[in-house]
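Residues 883 to 1026 in the working numbering are what the sequence shown lists, from first letter to last. Just so you know, even glycine gets a beta-carbon here, dropped at the ideal spot from N, CA and C.
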Amino acid sequence: MAQQSNIGPFNILLDQFRRGQIDRRRFLTGAGLLGISASAAGVLANPTGGLAQGTPAGTPATALERPAVGSEGQTRGEGDQLRIIWWQAPSLLSPHQNGDSSASSRVIEPLLTYFPGEQLGAVLLDEVPSVENGLLAEDLSTVT
């Protein structure tokens, strides 16, 4: 059985890029015209060869101190507005109609929540209602 050649339009384009005959922009444009996704072409055009590098060591966090200036005569917890910057903006303003509860959970606490392992846990309640602890009726009609 004859061995198939790996020479095709994309391999020729990649070879030209690696030899420096074409620039990155021309390589990415050509790869897109050949039907290669932008993310795949970007990985191949990466000068490191697309291999993951080690995570650089971070700097240890330092404890924040209370500002020395600008807080004279202020009592902690009192003041004007509290601005919360959250990484995920809510898609709807109503948490009852919204599918993601991440943003609304900063200001609206649920009675119960699911913990890892699908364990139901109490947040604002003392304990999870069940028939065994008497907080849930046996016919499941009332919760105390």
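Distance between T941 and S1012, taken at the CA atoms: about 47 Å. By the neighbour-count criterion, in which a residue is buried when 16 or more other Cβ atoms sit within 10 angstroms of its Cβ, G912 is buried.
G1016 and L1022 have their C-alpha atoms some 11 Å from each other. With distances taken between CA atoms, A927 lies nearest to R906 out of S973, D897 and R906. For G914, the enclosing alpha helix (DSSP H) covers residues R906 to L915. In the structure shown, A923 falls within a helical segment according to DSSP collapsed to helix, strand and coil. Counting only the Cα atoms, S984 lies some 9 Å from W968.
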